[in-house]
DNA sequence: TTCTTTCTTGACTGATCGTTCCAGAATGTG
DNA sequence: CACATTCTGGAACGATCAGTCAAGAAAGAA
């Protein structure tokens, strides 16, 4: 009869995600992971496969969290564009509340690994596409409710908003002040006016 | 009498910069550098110090190139805002012409190392500040010539433009198409309208 | 030609890398 | 209690890491 695991794979995966998110892929060693996840290296390999498979699982875990976050913030009553403004300002607040300035795992990975790893590039593109699609669906409603001008294209705006927030993440990691970041976001949101 | 070096330190530095720019800091080994720079490891250490000092020298080299590029594109005649538009579109063109999608060394470094390395964070902030300042000087002229509305703040717009381009870099590395990137940039430039 | 200084070549060091493997422990059924 | 199966702990493997060092080569002045 098999001995049950002494660790919870899901909890361990969450811890691995935190570490990869903060340090990146290359700078995170198996030793780092084993210590942070509080499991032994044999269990890590048996449960997750290898370092890259673990990383991919972490990206999935992160994207699941993002998807839930989008659902809870975009499906809200009131003026549609305000929904987007609140969502984006909320995202900025969350980033500003993070003293380690680890940014977004997807953006981090886009920069570090996407140009070199096809499977990772596809995962990143899929994640960004999901975020863009969420904006798009909301902007379509905004268009229908007359909140957008004729020349304001939902798809273009959705892509733009996704991109702008990536830029905010880069500036945040570079050390830009909270005040400056808020100003940048407000300036960028002017595209919706 | 000393034997002269068989390699040109400036040429070697340029090659190191290319490699760090493409692969990042952690993923680039001394072996990679030695091979790519076409010098031997003793010369690398004797000339540049160590890996991190070499990296910092590469950042300086990159920033010098950026500064020259800004000068040559921002000081131009004609409507001032068009100068910025051309500069940004030119930057996008340069990025799109790069099959390796290596992005911008400053943005890459902001994401990979800035949160963890104080000196690197300062260098990154300085570089981004220089770019922002260039936009700012041009936007002040635009304001004076009546090309900006009263509510359009040069400093806010300068920060915003710097940020938006970081976002474009992330999306480019993530695999976004040229068409989509052009649309994003045009949408983002609408803030200047 | 000799001598001094510096360069190149590449071996070497100690540490760490990702991954595999083994001994002993723990689990639960028969 | 015995047994089969799985888990934990952590050593070990082969490779690579950043950085150091020694032998021999090259340069040019005396």
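Protein chains in written order, with the numbering used here: chain A, 11 to 203; chain B, 11 to 203. All C-beta atoms, glycine included, are put in the ideal place defined by N, C-alpha and C.
Per-residue burial, residue 13 (chain B) [other beta carbons within 10 Å of its own, 16 or more giving buried]: Exposure of residue 13 (chain B) is indicated by the presence of fewer than 16 other C-beta atoms within 10 angstroms of its C-beta.
Count the CB pairs spanning the stretch 116-135 of chain B and the stretch 88-108 of chain B that are closer than 8 Å, and state whether there are at least three. A contact between stretches requires three or more CB pairs, one per stretch, nearer than 8 Å, and the stretch 116-135 of chain B fails this requirement with the stretch 88-108 of chain B.
Unbroken alpha helix (DSSP H) run spanning residue 23 (chain B), endpoints: Where residue 23 (chain B) is concerned, the enclosing alpha helix (DSSP H) starts and stops at 19-33.
Buried or exposed: which applies to residue 159 (chain A), given that a residue is buried once 16 or more other Cβ atoms fall within 10 Å of its Cβ? With fewer than 16 other Cβ atoms within 10 Å, it is exposed.
Could you list the residues in the stretch 32-45 of chain B with a C-beta less than 7 Å from some C-beta on chain A, going in chain order? If you check each beta-carbon in the stretch 32-45 of chain B against every beta-carbon of chain A, the ones closer than 7 Å belong to 34, 36, 37.
Chain A contacts made by the stretch 178-189 of chain B, where a contact means CB separation under 8 Å: Along the stretch 178-189 of chain B, the positions whose C-beta sits under 8 Å from a C-beta of chain A are 178, 179, 180, 181, 183, 184, 185, 186, read in chain order.
Alpha-carbon to alpha-carbon, residue 45 (chain B) and residue 33 (chain B): Distance between the alpha carbons of residue 33 (chain B) and residue 45 (chain B): 14 Å.
CB-CB under 6 Å to residue 80 (chain B), same chain, minus the five flanking residues each way: which ones, in chain order? Taken in chain order, the residues that qualify are 144.
From residue 123 (chain A) to residue 73 (chain A), what distance separates their C-alpha atoms? If I take the Cα positions, the gap works out to 17 Å.
With DSSP as the reference, label residue 118 (chain A) as helix, strand or coil. Note: residue 118 (chain A) maps to helix in three-state DSSP.
State yes or no: is the beta carbon of residue 144 (chain B) nearer than 8 Å to at least one beta carbon in chain A? Between residue 144 (chain B) and chain A, the shortest Cβ-Cβ separation is not below 8 Å.
Limits of the unbroken alpha helix (DSSP H) element including residue 103 (chain B): Residues 90-106.
Does the stretch 169-189 of chain B come close enough to the stretch 174-186 of chain A to have 3 or more Cβ pairs within less than 8 Å? Verdict: yes, contact present.
Is the beta carbon of residue 66 (chain A) closer than 8 Å to that of residue 133 (chain A)? For the pair residue 133 (chain A) and residue 66 (chain A), the CB atoms are nearer than the 8 Å cut-off.
For residue 126 (chain B), name the three-state secondary structure that DSSP assigns. In the three-state DSSP reduction, residue 126 (chain B) falls in the coil class, being neither helix nor strand.
Closest by CA to residue 148 (chain A), which one among A:71, A:31, A:92? Closest option to residue 148 (chain A), Cα to Cα, is A:92.
Listed by chain order, chain A residues near residue 201 (chain B) by CB distance under 9 Å: Among the residues of chain A, those whose CB is under 9 Å from the CB of residue 201 (chain B) are 197, 198, 200, 201, following chain order.
Quick one: using the 10 Å Cβ neighbour count with 16 as the cut-off for buried, is residue 125 (chain A) buried or exposed? Buried: at least 16 other Cβ atoms inside 10 Å.
Please decide whether residue 100 (chain A) counts as near chain B, where near means a Cβ-Cβ distance under 8 Å. Not one chain B Cβ lies under 8 Å of residue 100 (chain A).
Contact list for residue 170 (chain A) against chain B, beta-carbon separation under 7 Å: Result: 194, 197, 198.
Three-state secondary structure assigned by DSSP to residue 15 (chain B): In the structure shown, the three-state DSSP call for residue 15 (chain B) is coil.
Kindly indicate the opening and closing residues of the alpha helix (DSSP H) around residue 176 (chain B). For residue 176 (chain B), the enclosing alpha helix (DSSP H) begins and ends at 164-183.
Against chain B: residues of the stretch 119-137 of chain A by CB proximity under 7 Å: Close to chain B, meaning a Cβ-Cβ distance shorter than 7 Å, are the following residues of the stretch 119-137 of chain A: 120, 121, 122, 124, 125, 131, 134, 135.
Does the beta-carbon of residue 128 (chain B) have 16 or more other beta-carbons within 10 angstroms, so that it is buried, or is it exposed? When all chains shown are included, residue 128 (chain B) counts as exposed.
Where residue 110 (chain A) meets chain B, residues with beta-carbon distance less than 8 Å: Result: 125.
Tell me which residues share the same chain as residue 95 (chain B) and place their Cβ nearer than 8 Å to its Cβ, disregarding the 5 neighbours each side in the sequence. The beta carbon of residue 95 (chain B) sits closer than 8 Å to the beta carbons of 199, 202 from its chain, once the five residues preceding and following it are set aside; these are given in chain order.
Per-residue burial, residue 181 (chain A) [other beta carbons within 10 Å of its own, 16 or more giving buried]: That one is buried.
Taking a contact to mean a Cβ-Cβ separation below 8 Å, would you say residue 173 (chain B) touches residue 177 (chain A) in this structure? Yes.
For chain B, find out if any of its Cβ atoms is closer than 8 Å to the Cβ of residue 140 (chain A); answer yes or no. No - not a single Cβ of chain B is within 8 Å of the one on residue 140 (chain A).
Quick one: what's got a C-beta closer than 8 Å to residue 219 (chain B)'s C-beta in the same chain, skipping five residues either side? Only positions 11 to 203 of chain B appear in the structure, and residue 219 (chain B) is not among them; the question remains open.
Do you know offhand how far residue 7 (chain B)'s Cα is from residue 195 (chain B)'s? Outside the modelled stretch of chain B, which goes from 11 to 203, sits residue 7 (chain B), for which no answer is possible.
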